[in-house]
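Asks: The sequence shown runs 44 to 872 under the numbering used here. Note that the Cβ used here is the ideal one computed from N, Cα and C, for glycine as well.
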Amino acid sequence: MSTVTLTIDGRTVTVPKGTTVYHAAARLGIEIPIFCYHDRMPPLGACRMCFVQVEKMPRLQTACTLEAQEGMVVWTETPTVVEARRGILEFLLINHPLDCPICDKGGECPLQDNTFKYGPGASRFVEPKRHFPKAVPLSPVLTLDRERCILCWRCTRFGEIVAGDHALKGHDRGYRTHIDTPPVTQERPSKFIGNTIAICPVGALTSGVYRFRARPWDNRPAPHVCTHCGVGCATWVDARGGEVVRVRAREAPAVNDVWLCDVGFFGYDYTNHPDRLRTPYVREGGLLREATWEEALAAVAAALREAAPRVGALGGERLTLEESYLLSKLCRSLGSNHLDSRADSRFAPDSRRYAWGAPGGFSTVDGAGALVLVGCDLTEEYPVLWLRAKRALDRGTVGFAIAPKRLEVEPYLAHSFVAAYGAEADVLYALARAVAETRGEGLGPLADVDIQAACAAAGVEEAALRRAASSLASASPVLFAVGRLSLDGPEPDRVLAAVEALQSLCGGTLWLLRGKGSAVGASVAGMVPDALPGLASLQDPAAQARLEALWGFRPPSEPGLSAAGMLAAASRGELGVLYVAGADPARDFPDGELWKRARAGLRCLVVTELFWTETARQADVVLPALSLFEREGTVANLEARPQRVRPARPGPAGARADGDVIQSLAQLVDRPMAYPSTDAVWEEMRRAVPGLELDVPYPLPRPKPRVDVRPSHDGAGGLADALVVVAAAPLFRQGAMASRCRGLPELSGSPAVVVHPQDAARLGVADGAEVELQVDDGAVRLRARVADQAQPGHVLVPVGFPEIPRAAFGAPGLRVRLRALVPSREVGS
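1. According to DSSP, is Ile137 part of a helix, a strand, or is it coil?
2. How big is the Cα-Cα spacing for Gly879 and Cys419?
3. Compare the C-alpha of Val620 against each of Arg646, Ala641, Lys639 and name the closest.
4. Considering only residues of the region 527-557, which uninterrupted beta strand (DSSP E) runs meet the minimum length of 3 residues and lie entirely inside it, listed in chain order?
5. With 16 other CB atoms within 10 Å as the buried threshold, where does Trp302 fall?
6. Would the beta-carbon of Leu331 fall within 8 Å of that of Val665?
7. If you draw a straight line from the C-alpha of His799 to the C-alpha of Asp810, how long is it?
8. Spatial neighbours of Ser872 within its chain, please: C-beta separation below 8 Å, excluding the five flanking residues on both sides.
9. As an exercise, report each continuous beta strand (DSSP E) stretch of at least 3 residues that is fully enclosed by the region 679-755, in chain order.
10. Are there 16 or more other CB atoms within 10 angstroms of the CB of Ile73, so buried, or fewer, so exposed?
11. Ala241 by DSSP, collapsed to three states: which one?
12. Determine the DSSP secondary structure at His10, reduced to helix, strand or coil.
13. What residues in its chain sit with their C-beta under 8 Å from that of Leu762, if we drop five residues either side in the sequence?
14. Over what stretch of residues does the beta strand (DSSP E) that includes Phe159 continue unbroken?
15. Where do the ends of the alpha helix (DSSP H) carrying Thr407 lie?
16. Quick one: using the 10 Å Cβ neighbour count with 16 as the cut-off for buried, is Trp725 buried or exposed?
17. By alpha-carbon positions, which one of Asp583, Ser614, Ala606 ends up nearest to Pro599?
18. My output table needs one value for Gly632: the three-state DSSP class, helix, strand or coil.
19. Roughly how many whole angstroms lie between the Cα atoms of Ala875 and Ile145?
20. How many Å lie between Glu333 and Thr314 at the Cα?
21. So what's Thr62 in DSSP terms, helix, strand or just coil?
22. Count the other C-beta atoms from every protein chain shown that fall within 10 angstroms of the C-beta of Asp25, then say buried if there are 16 or more, exposed otherwise.
23. In this structure, how does DSSP classify Arg55 when only helix, strand and coil are distinguished?
24. In the DSSP assignment, what residue or residues form a beta bridge with Cys195?
25. Is Ile204 helix, strand or coil when you go by DSSP?
26. Is it buried or exposed for Phe235, if we count other Cβ within 10 angstroms and need 16 for buried?
27. Could you have a look at Glu815 and say whether DSSP puts it in helix, strand or coil?
28. If we ignore side chains and look at the alpha-carbon of each, how far apart do Trp196 and Cys79 end up?
29. Spatial neighbours of Ala662 within its chain, please: CB distance less than 6 Å, with the 5 preceding and 5 following residues excluded, ordered by chain position.
30. Helix, strand or coil for Cys647 per DSSP?
31. Starting from Val427, trace the alpha helix (DSSP H) in both directions and tell me its first and last residue.
32. If I'm right that Ala512 touches Leu556 with Cβ under 8 Å, what's the distance once you round it to whole angstroms?
33. Under three-state DSSP, which class holds Phe852?
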């Protein structure tokens, strides 16, 4: 690597060629003040605060834009430099209000700090300051104080460069210039607006949720990890007086860098919510009554003893790894491998071949030559992972998408195909054959693929597919990311087979991006029915012996039942007890009828929860749990990267950590567990799972791809001559926790079904009109949005809203009738 050597304030430093003077000075520990520059964006040089003096240059230079040169001599604190900075600050303060005593930025404000260090003691400006309306809400979570804005352009550039959503823009010119939201943001709220609050160097952009709740020096920060989705962003959780008041990004270059999505920033108020459960409940005479912990645990223990080994457990995404490990150990000690962290999924492939997660880690995106998104709606499912993907796309990675809906990230992709729901596999098989033909390779089983027929079945253009195949054939390495839209679709097994067929030609890495929170980590900890902790084979003699030495018993070697399998067994009366930890299958499992039959067939349903979820209301025993903000342990993201979480606040009186509950139950069923601390559980788990280390992705399975051309077996049922439902969960409406956080429900807005223009014209549906969705056992009224977002004959339904549970509308291939309540010609008349 080529380097240059320069001198800054009399000290010599050698840096790689291309390094700016600002970063060269930082290597020496020399702080140069900045406002506009942010090191995750290219330099701008707008604020001029970083002026330095360079020998043999006639004028002051901006250190953030000036590239270090061989032999350069730089001075950062000469009288000329200090005077220039004082002048810049004096100009900035001419109209900046003296709001420091009440400004949320006070105490952590660069303008305040630099004014103390460089600013003038008095202002020569005696005219009245400019005044604008204070506290203008730009969104439910973002408040603008225009008087404080210094036009550093950090917020607008973040939307342009990092997020790509252009959420904030500069309006007008000259002294009238101000920041505001463009129409596109008003129609589709940004998912990353919290970052603009974090990087604003003054108090111009503040949080509508945190505003006036605390001063930074009063907050007690705790290192934590966001578990709303599966990215596992590192955070600081600020608590004041035992209440969580703010969440901030914690730098973790390998995971979230320095960014969070808005669910991460604002999705914390649930832990302070008055609806939190604070006492156990036991069902008697058909009704749930308050009970003591002793009564509730005794009831659960009695049910477990009577039903063993016909017991099962669901959950893991909201458990720590230690708790998932203990729950797995308890169930296996009762003779059952009926365990599944995939509590909201019907599809449960072989965990050792198709493990959920991102093998190789998120850095795989950085070096990808091509990124192929298959039913993977990154901005709705794993938004911060999109920021990494966008950075790669900006650097030249070629983007592809095959999905049953138009993805928000489509403008950044080179090739995008909106396929009929369930026909993503047809596109993939056709793409595989076209790639093989482009490369002149033997077709093998792909000879059975008819490209023209596959494109017709999927509703995509053959010429466009061949252009995509030509581009993909020359790209390397390739990253395939299969997401929820396809894994929850009508033919997930066929989609995976088709992806493997394409991967066998292109090579690269396959990710199954499914699961929230610590669901992937839970599978590593043992919460899967067909593998031991560490995803070892149930019949692996070494793993069996290792666990027997640690546990004192040999775990069962026969595969257990998945979530869908457990519910089916319960519906037949073959499962006695179902233990649900931090999951809500009554609402989220995509087959409401199966859940109802399962609940009727269960002798005992046990639920550990924070709130009265639908599953908790149906339980026989409800145990109040601590939230992750109140527990200690480790969680693991899609990479299976264990990260520590520390309690940020004490939990409500009467609630207990899941790990304590599991150990109490183990004692009562004569399978005692005696761990003095969470660290003791972690150390045993490390011995049970070789290779499990903090902050290091656990090696998830990466099997060799195989070519298996499978015919379509689409059996989409429901009403005849109806629209196919494509169910997608909006980011701000995912789960009982997000719905109890100030700002997030408002960001999601009111639910609307998206109807294709052809179907809207045929059915007489106008944009914005009220429509009725009719299913076999009922109907729901919603607003319609007419847009070309899916294939004709399909309707996009945003599940997750109270009126649209996944249990009712998430079944793969569900068909509904849509009826306009107001004919289109009457709308607006």
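Replies: Answer, in terms of the structure:
1. Along the sequence shown, one-based indexing puts residue 137 at 94. Looking at Ile137 - three-state DSSP - the assignment turns out to be coil, as it is neither helix nor strand.
2. Nothing in the structure corresponds to residue 879, since the chain is present only between 44 and 872.
3. Within the sequence shown, the letter at position 577 stands for residue 620. Ranking Arg646, Ala641, Lys639 by Cα distance to Val620 puts Arg646 first.
4. 552-555, all fully within the region 527-557.
5. Against the sequence shown, residue 302 aligns to sequence position 259. Counting the other Cβ atoms within 10 Å of the Cβ of Trp302 gives 16 or more, which makes it buried.
6. Reading the sequence shown from its first residue, position 288 is the one you call residue 331. Reading the sequence shown from its first residue, position 622 is the one you call residue 665. Contact flag set, yes.
7. Position 756 of the sequence shown, counted from the first residue, corresponds to residue 799. Position 767 of the sequence shown, counted from the first residue, corresponds to residue 810. Whole-angstrom Cα-Cα distance: 10 Å.
8. What you label residue 872 is simply residue 829 of the sequence shown in a count that begins at 1. The predicted position of Ser872 is uncertain, since its pLDDT is 38 and thus under 50; no value can be drawn from it.
9. 685-688
10. Counting from 1 along the sequence shown, the entry for residue 73 is found at position 30. Flag for Ile73 reads buried.
11. To locate residue 241, count along the sequence shown from 1; it is residue 198. Looking at Ala241 - three-state DSSP - the assignment turns out to be helix.
12. Residue 10 cannot be examined here, being either before or after the span of the chain that is shown, 44 to 872.
13. Walking along the sequence shown from the start, residue 762 turns up at place 719. Model confidence at Leu762 stands at a pLDDT of 48, short of 50, so the residue's coordinates are unreliable; what they give is reported in the following sentence. Closer than 8 Å at Cβ, skipping near neighbours: Gln817, Val818, Asp819, Arg858, Val859, Arg860.
14. One-based indexing of the sequence shown puts residue 159 at position 116. Here Phe159 belongs to no beta strand (DSSP E); instead the alpha helix (DSSP H) covers 153-161.
15. Stepping through the sequence shown from its first residue, residue 407 is reached at position 364. Here the alpha helix (DSSP H) through Thr407 covers 406-409.
16. Residue mapping note: residue 725 aligns to position 682 of the sequence shown, counting from 1. Buried, since its Cβ has 16 or more Cβ neighbours within 10 Å.
17. Counting from one through the sequence shown, the residue named residue 599 turns up at place 556. Ranking Asp583, Ser614, Ala606 by Cα distance to Pro599 puts Asp583 first.
18. Residue numbering aside, residue 632 sits at position 589 when the sequence shown is read from its first letter. Before going on, a small fix: residue 632 reads as Phe here, not Gly. The answer is coil: DSSP assigns Phe632 none of H, G, I, E or B.
19. No information on residue 875 is available, as it lies outside the stretch 44 to 872 that the chain covers here.
20. Taking the sequence shown and counting its residues from 1, the one referred to as residue 333 is at position 290. Taking the sequence shown and counting its residues from 1, the one referred to as residue 314 is at position 271. For Glu333 and Thr314, the distance between alpha carbons rounds to 22 Å.
21. Reading the sequence shown from its first residue, position 19 is the one you call residue 62. Thr62 falls in the coil class under three-state DSSP.
22. Outside the shown range of the chain, which is 44 to 872, sits residue 25, and nothing can be said about it.
23. By one-based count along the sequence shown, residue 55 stands at place 12. Here the sequence assigns Thr to residue 55, which means Arg is not the residue at that position. Thr55 falls in the strand class under three-state DSSP.
24. Here residue 195 refers to the residue found at position 152 of the sequence shown. Paired residues: none, contrary to the question.
25. Along the sequence shown, read from residue 1 onward, the residue named residue 204 stands at position 161. Reduced to three states, the DSSP call for Ile204 is helix.
26. Residue mapping note: residue 235 aligns to position 192 of the sequence shown, counting from 1. Burial call: buried.
27. Here residue 815 refers to the residue found at position 772 of the sequence shown. Glu815: strand per DSSP, three-state reduction.
28. Translated into positions along the sequence shown, residue 196 becomes position 153. Translated into positions along the sequence shown, residue 79 becomes position 36. Going from the Cα of Trp196 to the Cα of Cys79 covers about 6 Å.
29. Within the sequence shown, numbered from 1, the residue matching residue 662 stands at position 619. Hits under 6 Å: Leu648, Val650.
30. Reading the sequence shown from its first residue, position 604 is the one you call residue 647. In this structure, Cys647 counts as strand in the three-state DSSP scheme.
31. For the purposes of this step, residue 427 is identified with residue 384 of the sequence shown, where counting begins at 1. Start and end: 426-437.
32. Within the sequence shown, numbered from 1, the residue matching residue 512 stands at position 469. Within the sequence shown, numbered from 1, the residue matching residue 556 stands at position 513. Contact between Ala512 and Leu556 does not hold, since their C-beta atoms are separated by about 23 Å, which reaches or exceeds 8 Å.
33. Position 809 of the sequence shown holds residue 852. In this structure, DSSP gives Phe852 a helical state, which the three-state scheme calls helix.
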